[in-house]
Amino acid sequence: MVDIAYARPEEREEIAQFMNTVFKRAKWDIDGWRRLLAGRWCGPEGRYAIAVRDEGRLIGVLGLVYADRMTTGGRRTTADMTSWYVLGDYRGQGIGQKMLALATSDPEVTVTNFSSAKAAVSVLVNAGLTVLDKERLVWHPRTPEAGFKLHDDPLSLGDRISEKDRKVVADHQGLRLRHLTVETPDGLVTLVVYPQKKHDEYTTHEIMYLGNQPLFARYAAQIAAAVLPSEGAILSLDRRFAAPGIECDEVREFATPRYCQPGLLAPSEIDMLYSECVLLNIKIH
Numbered sequence: 001m002v003d004i005a006y007a008r009p010e011e012r013e014e015i016a017q018f019m020n021t022v023f024k025r026a027k028w029d030i031d032g033w034r035r036l037l038a039g040r041w042c043g044p045e046g047r048y049a050i051a052v053r054d055e056g057r058l059i060g061v062l063g064l065v066y067a068d069r070m071t072t073g074g075r076r077t078t079a080d081m082t083s084w085y086v087l088g089d090y091r092g093q094g095i096g097q098k099m100l101a102l103a104t105s106d107p108e109v110t111v112t113n114f115s116s117a118k119a120a121v122s123v124l125v126n127a128g129l130t131v132l133d134k135e136r137l138v139w140h141p142r143t144p145e146a147g148f149k150l151h152d153d154p155l156s157l158g159d160r161i162s163e164k165d166r167k168v169v170a171d172h173q174g175l176r177l178r179h180l181t182v183e184t185p186d187g188l189v190t191l192v193v194y195p196q197k198k199h200d201e202y203t204t205h206e207i208m209y210l211g212n213q214p215l216f217a218r219y220a221a222q223i224a225a226a227v228l229p230s231e232g233a234i235l236s237l238d239r240r241f242a243a244p245g246i247e248c249d250e251v252r253e254f255a256t257p258r259y260c261q262p263g264l265l266a267p268s269e270i271d272m273l274y275s276e277c278v279l280l281n282i283k284i285h
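With UniProt numbering, the residue at position 8 of the sequence shown is 8, and numbering never jumps.
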């Protein structure tokens with residue numbers, strides 16, 4: 001009999017080994033899978049995957065990166081979907097749909113998916129996820145303006161930055177991210193930026209988190225100049241983080257939209273941190 005349930009803490013290593021075996025094209029090793037399942041943002045006893053077993057044998061998994069986040073409305077929980085697999089002999093029996101139904105069943109959790117393959121979009125929609133965003137704003141390098149000082153250690157600024165900014169930055173130490181605070185004439189803007197070489201011509205500096213969105217909108221070009229190197233780079237911001245009045249150099253559509261479970265959080269609160277993207281250094285298209 002097939003059993004579908006949230007994985008228990010003691011199953012972590014078995015599930016990591018299963019993922020390492022079935023995902024043959026993954027660009028990371030067993031340590032990457034362990035990092036994905038470790039519960040970095042929800043604790044070792046928190047949820048991290050859905051496991052499917054047939055008479056005790058592991059035959060399917062769905063990774064879920066749970067996180068307890070600080071939002072403007074207080075603490076909220078999100079779960080980023082990752083690494084979904086069912087052994088071939090068990091496909092076509094509705095097991096995948098039941099896994100997704102369980103993953104999206106908690107009314108207090110917002111499920112997200114930032115890096116879906118196009119082929120999986122219909123599955124996400126059938127599970128109740130909706131389009132979170134479908135385009136990005138882009139800025140190109142320019143000469144930095146005087147007065148826009150860049151801090152590469154926001155935590156050193158103490159309570160000059162918000163409690164939310166401090167938590168986000170602290171939660172993501174040791175990952176391949178740039179933690180930045182820019183001084184503007186009207187205050188500080190804290191960003192977490194993910195540099196990715198998506199194209200041979202330039203590096204995309206993806207804004208994964210943006211603290212003061214209205215202030216960024218007021219000084220977007222100047223902040224881009226402070227953040228970007230002088231050439232060979234662009235700064236990218238998902239549309240949902242763009243406050244009114246913002247101006248950019250160009251707008252680009254995503255190859256595949258971002259998706260989320262609607263209802264609990266405003267789109268502008270759903271950043272791309274606390275996800276598989278930063279744990280596994282996945283390129284975000």
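Virtual Cβ for every residue (Gly too), placed ideally from N, Cα, C.
Leaving out five residues on either side along the sequence, give the residues of the same chain with a beta carbon under 7 Å from the beta carbon of Asp271. The sequence position of residue 271 within the sequence shown is 271, counting from 1. Correct list, in chain order: Met208 and Tyr209.
Alpha-carbon to alpha-carbon, Lys198 and Ser83: On the sequence shown, position 83 is the one that residue 83 refers to. On the sequence shown, position 198 is the one that residue 198 refers to. Taking the straight line from one Cα to the other gives about 21 Å.
Taking all protein chains shown into account, decide if Ala49 is buried (16 or more other Cβ within 10 angstroms of its Cβ) or exposed. Stepping through the sequence shown from its first residue, residue 49 is reached at position 49. When all chains shown are included, Ala49 counts as buried.
Where do the ends of the beta strand (DSSP E) carrying Cys260 lie? The residue given as residue 260 occupies position 260 in the sequence shown. Per DSSP, Cys260 belongs to the beta strand (DSSP E) from Glu250 to Cys260.
Could you tell me which residues DSSP puts in a beta bridge with Trp84? Mapped onto the sequence shown, residue 84 falls at position 84. Trp84 pairs with Leu62.
Residue range of the beta strand (DSSP E) that includes Asp165: To locate residue 165, count along the sequence shown from 1; it is residue 165. From DSSP, Asp165 is part of no beta strand (DSSP E) but of the alpha helix (DSSP H) over Glu163 to Asp171.
Alpha carbon to alpha carbon, what distance is there between Ala67 and Leu36? Along the sequence shown, read from residue 1 onward, the residue named residue 36 stands at position 36. Along the sequence shown, read from residue 1 onward, the residue named residue 67 stands at position 67. Rounded to whole angstroms, Leu36 to Ala67 spans 12 Å at the Cα level.
7 Å CB neighbourhood of Ala7 in its chain, flanking five on each side removed: As a first step, residue 7 is located in the sequence shown; it is residue number 7 there, counting from the start. By the criterion of a C-beta distance shorter than 7 Å, Ala7 is surrounded in its chain by Ile15, Tyr48, Ala49, Ile50 and Ala51, once the five residues flanking it on both sides are discounted.
Rounded separation between Arg218 and Pro144 - CA only: On the sequence shown, residue 218 is found 218 positions in, with the first residue counted as 1. On the sequence shown, residue 144 is found 144 positions in, with the first residue counted as 1. Those two C-alpha atoms are separated by around 16 Å.
By a C-beta neighbour count over all protein chains shown, 10 Å radius and 16 as the cutoff for buried, is Arg258 buried or exposed? Your numbering for residue 258 matches position 258 in the sequence shown. Counting Cβ neighbours within 10 Å, Arg258 comes out buried, since at least 16 surround it.
Which same chain residues end up closer than 8 Å to Ala103 when comparing Cβ atoms and leaving out the 5 residues on each side of it in sequence? On the sequence shown, residue 103 is found 103 positions in, with the first residue counted as 1. Cβ within range, chain order: Ile50, Leu62, Leu64, Ala79, Met81, Val111 and Ala127.
Which residues share a DSSP beta bridge with Arg57? Along the sequence shown, one-based indexing puts residue 57 at 57. Answer by DSSP bridge pairing, in chain order: Asp54.
Could you tell me if Asp133 is buried or exposed, where buried requires 16 or more neighbouring beta carbons within 10 angstroms of its beta carbon? For this step, residue 133 is matched to residue 133 along the sequence shown. Buried is the call here.
Mind reading off the beta-carbon distance from Ile284 to Ser115? Whole number of angstroms is fine, and I expect it under 8 Å. Within the sequence shown, numbered from 1, the residue matching residue 284 stands at position 284. Within the sequence shown, numbered from 1, the residue matching residue 115 stands at position 115. With 8 Å as the limit, Ile284 and Ser115 qualify as a contact, their Cβ atoms being about 6 Å apart.
First through last residue of the beta strand (DSSP E) which encompasses Asp181: As a first step, residue 181 must be located in the sequence shown, where it is residue number 181. It should be pointed out that residue 181 corresponds to Thr in this sequence rather than to Asp. Thr181 -> beta strand (DSSP E) spans Arg178 to Thr184.
Look at Ala226 and Leu280 and say whether their C-beta atoms are less than 7 Å apart. Position 226 of the sequence shown, counted from the start, is the residue given in the question as residue 226. Position 280 of the sequence shown, counted from the start, is the residue given in the question as residue 280. No. Outside cutoff.
My assumption, with CB atoms under 8 Å, is that Leu157 sits in contact with Thr181. Please give the rounded CB distance. As a working mapping, residue 157 is identified with position 157 in the sequence shown. As a working mapping, residue 181 is identified with position 181 in the sequence shown. Here Leu157 really is in contact with Thr181; their C-beta atoms are around 6 Å apart, less than 8 Å.
What are the start and end residues of the alpha helix (DSSP H) that includes Ile282? To locate residue 282, count along the sequence shown from 1; it is residue 282. Ile282 -> no alpha helix (DSSP H), and no H or E assigned at all.
Could you give the residue range of the alpha helix (DSSP H) that holds Thr21? By one-based count along the sequence shown, residue 21 stands at place 21. Element bounds for Thr21: Arg12 to Val22.
Report back the beta-carbon spacing between Ile4 and Gln17 to the nearest angstrom; my notes put them in contact at under 8 Å. By one-based count along the sequence shown, residue 4 stands at place 4. By one-based count along the sequence shown, residue 17 stands at place 17. Contact annotation, Ile4 with Gln17: C-beta distance approximately 20 Å; criterion of less than 8 Å not satisfied.
Take His172 as the anchor and find which of Leu191, Asp159 and Arg160 has the nearest alpha-carbon. The sequence position of residue 172 within the sequence shown is 172, counting from 1. Ranking Leu191, Asp159 and Arg160 by Cα distance to His172 puts Leu191 first.
Since Ala255 and Leu137 should fall inside the 8 Å C-beta cutoff, what is the C-beta to C-beta distance between them, to a whole number of angstroms? Position 255 of the sequence shown, counting from 1, holds the residue named residue 255. Position 137 of the sequence shown, counting from 1, holds the residue named residue 137. Ala255 to Leu137, Cβ: 16 Å. No contact.
Residue of Asp249, Gly147 and His140 minimising C-alpha distance to His205: As a working mapping, residue 205 is identified with position 205 in the sequence shown. Among Asp249, Gly147 and His140, the Cα nearest to that of His205 is on His140.
Whole-angstrom distance between Arg176 and Val278, CA atom to CA atom: Within the sequence shown, numbered from 1, the residue matching residue 278 stands at position 278. Within the sequence shown, numbered from 1, the residue matching residue 176 stands at position 176. C-alpha separation (whole angstroms): 7 Å.
Asp189 and Phe216: beta carbons closer than 7 Å? The residue you call residue 189 lines up with position 189 of the sequence shown. The residue you call residue 216 lines up with position 216 of the sequence shown. Note on identity: in this sequence residue 189 is Val, with Asp being the wrong assignment. Cβ distance < 7 Å, so Val189 and Phe216 count as in contact.
Thinking C-beta only, is Val86 closer than 7 Å to Gly60? Within the sequence shown, the letter at position 60 stands for residue 60. Within the sequence shown, the letter at position 86 stands for residue 86. Going by C-beta atoms, Gly60 is nearer than 7 Å to Val86.
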